[in-house]
Amino acid sequence: MLELKAVNAFYGKAHVLNNLSFEVGRGKVVALLGRNGAGKTTTMKSIMQMIQPRGGKVTYQGQDITGWAPHRVAKAGLGYVPEERRIFTQLTVLENLEVGRQPAREGCVTWTEDMLFDLFPNLAERRGNRGKALSGGEQQMLTIARTLMGNPALVLLDEPSEGIAPVIVEQMANVILQLKHEGLTVLLSEQNLHFAQAVADSVVIIESGTQKFAGSLTELQENPEIRDAYLSV
Ligand code: ATP
Numbered sequence: 001m002l003e004l005k006a007v008n009a010f011y012g013k014a015h016v017l018n019n020l021s022f023e024v025g026r027g028k029v030v031a032l033l034g035r036n037g038a039g040k041t042t043t044m045k046s047i048m049q050m051i052q053p054r055g056g057k058v059t060y061q062g063q064d065i066t067g068w069a070p071h072r073v074a075k076a077g078l079g080y081v082p083e084e085r086r087i088f089t090q091l092t093v094l095e096n097l098e099v100g101r102q103p104a105r106e107g108c109v110t111w112t113e114d115m116l117f118d119l120f121p122n123l124a125e126r127r128g129n130r131g132k133a134l135s136g137g138e139q140q141m142l143t144i145a146r147t148l149m150g151n152p153a154l155v156l157l158d159e160p161s162e163g164i165a166p167v168i169v170e171q172m173a174n175v176i177l178q179l180k181h182e183g184l185t186v187l188l189s190e191q192n193l194h195f196a197q198a199v200a201d202s203v204v205i206i207e208s209g210t211q212k213f214a215g216s217l218t219e220l221q222e223n224p225e226i227r228d229a230y231l232s233v
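What follows is the structure, given as structure tokens:
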């Protein structure tokens, strides 16, 4: 579904991603793990072409999307949920969802508000409330729900469990498993190994923009030294 081949990214002269190469299979949940500043957000933005990789290739459904404009990448079916929640605080929950609406996409779930309210019951109760009245966790859910209104085939979730209450983290894990059940492909970035363990089929670990491990959770468990070296647990 998605393949990165020797992707390099820079901020000015700073070389932030070094030859990242990994795959995300259709219908799979892959966790991109690494500590603060490891390069997770930069990887997400490089996939979306919000940062244009210098060297390397990003392939989505067999198409080379490197150098595409970000809106074209989104239109092709990649939904990006940034770490900072970008909801419209003056609009209601329903209005925020409406903003995200895109035409149906062949082979993908066509989301309706009611389906999203089933997935996020907290939002259902608050559908008439303005964004600014929501808790951090609810805003995070609304950001995801609004992205789903675009009917993506692949969702990129940047640190979905960051800064939200434990009870909401649990709901978030259930949402991701539900998305997988619906046939979506998910790439999420995380610092929290426990969260990744609850939802992911496989993991990619990066440190200083360099890939240190790619494999299944079982393989990671068999190599505790990798976990100890590159993750905070
Ligand atoms: P976090 O968990 O803090 O979001 P991350 O793994 O997502 O971390 P990135 O945000 O991708 O890491 O940052 C990777 C590196 O790039 C860090 O060293 C960071 O300081 C640097 N960096 C990030 N954004 C910029 C920028 N706009 N300009 C220059 N350097 C940047």
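Quick note on UniProt numbering: the sequence shown kicks off at 1 and runs consecutively. Virtual Cβ for every residue (Gly too), placed ideally from N, Cα, C.
Self-check item: Contact under 8 Å by Cβ, M50 with L97
Solution: What you label residue 50 is simply residue 50 of the sequence shown in a count that begins at 1. What you label residue 97 is simply residue 97 of the sequence shown in a count that begins at 1. No, Cβ-Cβ distance for M50 and L97 is not below 8 Å.
Exercise. Return yes when the Cβ of G137 is within less than 8 Å of the Cβ of I164, no when it is not.
Key: Start at 1 with the first residue of the sequence shown, and residue 164 comes out as number 164. Start at 1 with the first residue of the sequence shown, and residue 137 comes out as number 137. For the 8 Å CB-CB criterion, I164 and G137 form a contact.
Exercise. Give a yes or no on whether the C-beta atoms belonging to A77 and P160 are separated by under 8 Å.
Key: For this step, residue 77 is matched to residue 77 along the sequence shown. For this step, residue 160 is matched to residue 160 along the sequence shown. Note that residue 77 is Gly in the sequence shown here, rather than Ala. For G77 and P160, no; Cβs fall outside 8 Å.
Quiz item: Does the segment 215-225 come within contact of the segment 54-63, defined as at least 3 CB pairs closer than 8 Å?
Solution: The segment 215-225, when compared against the segment 54-63, does not touch it at the 8 Å Cβ threshold.
Exercise. Report the residue ranges of all beta strand (DSSP E) runs contained in full by the segment 44-130; include only those spanning at least 3 residues, in chain order.
Key: Taking only runs of at least 3 residues, the beta strand (DSSP E) segments lying wholly in the segment 44-130 are 57-60, 78-81.
Quiz item: Which value, in whole angstroms, describes the spacing of the CA atoms of H15 and R130?
Solution: Here the question's residue 15 lines up with position 15 in the sequence shown. Here the question's residue 130 lines up with position 130 in the sequence shown. Spanning the two alpha carbons is a distance of roughly 41 Å.
Quiz prompt | Counterpart residues of T210 in DSSP-defined beta bridges | solution = As a first step, residue 210 is located in the sequence shown; it is residue number 210 there, counting from the start. Residue pairing by DSSP places T210 opposite N18, E207 in a beta bridge.
Quiz prompt | Enclosing beta strand (DSSP E) for A6 [first to last residue] | solution = On the sequence shown, position 6 is the one that residue 6 refers to. Per DSSP, A6 belongs to the beta strand (DSSP E) from 2-11.
Quiz item: How is G137 classed by DSSP in three states: helix, strand or coil?
Solution: If you number the sequence shown from 1, residue 137 lands on position 137. Correct three-state label for G137: helix.
Quiz item: By how many angstroms is the C-alpha of F22 removed from the C-alpha of T147?
Solution: Sequence index remark: in the sequence shown, residue 147 carries index 147 (1-based). Sequence index remark: in the sequence shown, residue 22 carries index 22 (1-based). Approximately 24 Å, taken between the alpha carbons.
Quiz prompt | Euclidean distance between Cα positions of G101 and L188 | solution = In the sequence shown, counting from the first residue as 1, residue 101 sits at position 101. In the sequence shown, counting from the first residue as 1, residue 188 sits at position 188. Correcting the residue identity first, residue 101 is Arg in this sequence and not Gly. Between the alpha carbons of R101 and L188 lies a gap of roughly 22 Å.
Quiz item: So the beta strand (DSSP E) A31 belongs to, where does it begin and stop?
Solution: Within the sequence shown, residue 31 is the residue found at index 31, counting from 1. Bounds of the beta strand (DSSP E) holding A31 are 29-33.
Practice problem: Report the three-state DSSP secondary structure of E170 (helix, strand or coil). | Solution: Translated into the one-based positions of the sequence shown, residue 170 becomes position 170. Correct three-state label for E170: helix.
Quiz item: What three-state label does DSSP hand E222 in the structure shown?
Solution: Within the sequence shown, the letter at position 222 stands for residue 222. If DSSP states are grouped into helix, strand and coil, E222 belongs with coil.
Quiz item: Thinking C-alpha only, which one of K132, L33, A31 is nearest T89?
Solution: In the sequence shown, the residue the question calls residue 89 occupies position 89. Answer by Cα proximity: K132.
Quiz prompt | Residues near G79 in its chain [Cβ-Cβ closer than 6 Å; skip 5 each side] | solution = For the purposes of this step, residue 79 is taken as the residue at position 79 of the sequence shown. Cβ neighbours of G79 beyond the five flanking positions: T147, G150, P152, V155.
Exercise. Consult DSSP for S177 and reduce its assignment to one of helix, strand or coil.
Key: Position 177 of the sequence shown holds residue 177. Note on identity: in this sequence residue 177 is Leu, with Ser being the wrong assignment. Note: L177 maps to helix in three-state DSSP.
Exercise. Report, in whole angstroms, the separation of the C-beta atoms of T210 and N18, which I expect to be a contact under 8 Å.
Key: Taking the sequence shown and counting its residues from 1, one reaches residue 210 at position 210. Taking the sequence shown and counting its residues from 1, one reaches residue 18 at position 18. Between T210 and N18, the beta carbon gap of about 5 Å places them in contact (Cβ cut-off 8 Å).
Practice problem: Taking the CB atoms as reference points, tell me whether L217 and V204 lie closer together than 8 Å. | Solution: By 1-based counting over the sequence shown, the position of residue 217 is 217. By 1-based counting over the sequence shown, the position of residue 204 is 204. Contact annotation: L217 and V204 have beta-carbon atoms that are not nearer than 8 Å.
Practice problem: Give the range of the beta strand (DSSP E) segment to which L184 is assigned. | Solution: Position 184 of the sequence shown, counted from the start, is the residue given in the question as residue 184. First-last for L184: undefined, no H or E at that position.
Quiz item: In terms of DSSP beta bridges, what is V199 paired with?
Solution: Translated into the one-based positions of the sequence shown, residue 199 becomes position 199. None; V199 has no bridge partner.
Quiz item: Using a Cβ-Cβ cut-off of 6 Å (strictly less than) and excluding sequence neighbours within five positions of A198, which residues of its own chain qualify?
Solution: Counting from one through the sequence shown, the residue named residue 198 turns up at place 198. Residues of the same chain with a CB within less than 6 Å of the CB of A198, apart from the 5 flanking positions on each side, are A173 in chain order.
Self-check item: Minimum C-alpha distance to N8 - residue among G34, V29, I47
Solution: In the sequence shown, counting from the first residue as 1, residue 8 sits at position 8. By alpha-carbon distance to N8, the top candidate from G34, V29, I47 is I47.
Quiz item: At what residues does the beta strand (DSSP E) containing L157 begin and finish?
Solution: Taking the first residue of the sequence shown as 1, we reach residue 157 at position 157. Run containing L157: 154-158, per the beta strand (DSSP E) assignment.
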